[in-house]
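Numbering (the working numbering), first residue to last: 3 to 165. Each residue gets a CB set at the ideal place from its N, CA and C atoms; glycine is no exception. These notes concern the structure reproduced below.
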Amino acid sequence: MNKSVLIAFPLLVCLVLSPVSKASASEASNNHVVRTSSFSLSSQKWKNRLLLVFAPSEQNRAYQQQMQLFAQQKQGFATRDLVLVRVFAHGNSYANGQQIDSSSAAHLRDRFGVGNSDFRVILVGKDGGTKRSDSEPVKANAIFNEIDAMPMRRQEMFRHNPA
């Protein structure tokens, strides 16, 4: 698969998902202003489910495999109110396609006990609780099945498709 597609797709997936909180501007090394946001779990509670993907960098093999597994799943993410948060030890981290500040990324790593050299995929429910944690790439359908079995998701599906 084309390397630029592997990099561009996660950004595209994130663009369709909900906004993050508190935007601020910071000076980049090339003198352009880069918009960053602080990101907290509490800002998403009861609004969205979070899929946190931790990796050392975007070049990490497991991360690239994970993004390939998420390819073509934009609708599945959207219908489940699932926000993709990509957290890197080296390089910029993103939530909903928007860069988040390094302190927010560090806080997420600390909160979930993920080391800088670790790969991890963590599903967080709308209630803020950890629902699933994987240390290897996981298929989107496995995550979707986990979500679809949750009582809150069953209620959402019933409201949208009553018998």
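* **Residue closest to N50, alpha-carbon to alpha-carbon, out of Q75, A57, S42** => Taking the sequence shown and counting its residues from 1, the one referred to as residue 50 is at position 48. Just measuring C-alpha positions, the residue of Q75, A57, S42 sitting nearest N50 is S42.
* If you run the structure through DSSP and keep just helix, strand and coil, what is D129? -> Indexing the sequence shown from 1 puts residue 129 at position 127. Coil, per DSSP.
* Asked: Given K133, which residues of its chain have a CB within under 6 Å of its CB, disregarding the five upstream and five downstream residues?
  -> If you number the sequence shown from 1, residue 133 lands on position 131. Answer for K133: L125, G127, listed in chain order.
* To do: Evaluate the contact criterion for the segment 85-96 versus the segment 51-60: three or more CB pairs, one atom per stretch, below 8 Å.
  => yes
* To do: Could you tell me how far apart the beta carbons of V123 and V140 are, in whole angstroms, since I believe they sit closer than 8 Å?
  => Counting from one through the sequence shown, the residue named residue 123 turns up at place 121. Counting from one through the sequence shown, the residue named residue 140 turns up at place 138. Confirmed, about 5 Å.
* Whose C-beta lies closer than 6 Å to the C-beta of S104 among residues of the same chain, with five residues either side of it excluded? -> Working through the sequence shown from its first residue, we reach residue 104 at position 102. Contacts found: none.
* Report yes if the CB atom of V85 is closer than 8 Å to the CB atom of A73, and no otherwise. => Counted from its first residue, the sequence shown places residue 85 at position 83. Counted from its first residue, the sequence shown places residue 73 at position 71. Taking C-beta atoms as the reference points, V85 and A73 fail to come closer than 8 Å.
* Could you check the C-alpha separation between G78 and D136 for me, to the nearest Å? => In the sequence shown, counting from the first residue as 1, residue 78 sits at position 76. In the sequence shown, counting from the first residue as 1, residue 136 sits at position 134. Cα to Cα, the separation comes out at about 19 Å.
* Are L52 and V87 close, meaning C-beta to C-beta below 8 Å? -> Taking the sequence shown and counting its residues from 1, the one referred to as residue 52 is at position 50. Taking the sequence shown and counting its residues from 1, the one referred to as residue 87 is at position 85. Yes; because the gap between Cβ atoms is below 8 Å, this pair is in contact.
* So is Q46 buried or exposed if we call it buried at 16+ other beta carbons inside 10 Å? -> Taking the sequence shown and counting its residues from 1, one reaches residue 46 at position 44. The residue is buried, with at least 16 neighbouring Cβ atoms inside 10 Å.
* Secondary structure of A73, DSSP reduced to three states -> Taking the first residue of the sequence shown as position 1, residue 73 is located at position 71. Of the three classes helix, strand and coil, the one that applies to A73 here is coil, per DSSP.
* So is A151 buried or exposed if we call it buried at 16+ other beta carbons inside 10 Å? -> Locating residue 151 in the sequence shown gives position 149, counting from the first residue. Flag for A151 reads exposed.
* Asked: What are the boundary residues of the beta strand (DSSP E) that includes L86?
  -> Residue numbering aside, residue 86 sits at position 84 when the sequence shown is read from its first letter. It spans 84-90 - the beta strand (DSSP E) in which L86 sits, taken as one unbroken run.
* Asked: Just how far apart, CA to CA, sit Q101 and S40?
  -> Along the sequence shown, one-based indexing puts residue 101 at 99. Along the sequence shown, one-based indexing puts residue 40 at 38. Going from the Cα of Q101 to the Cα of S40 covers about 9 Å.
* Identify which residue in P153, F114, E138 has its Cα closest to the Cα of Q68. => By one-based count along the sequence shown, residue 68 stands at place 66. Comparing Cα positions, the closest option is E138.
* If you run the structure through DSSP and keep just helix, strand and coil, what is S135? -> In the sequence shown, counting from the first residue as 1, residue 135 sits at position 133. In the structure shown, S135 sits in a strand (DSSP, three-state: E or B).
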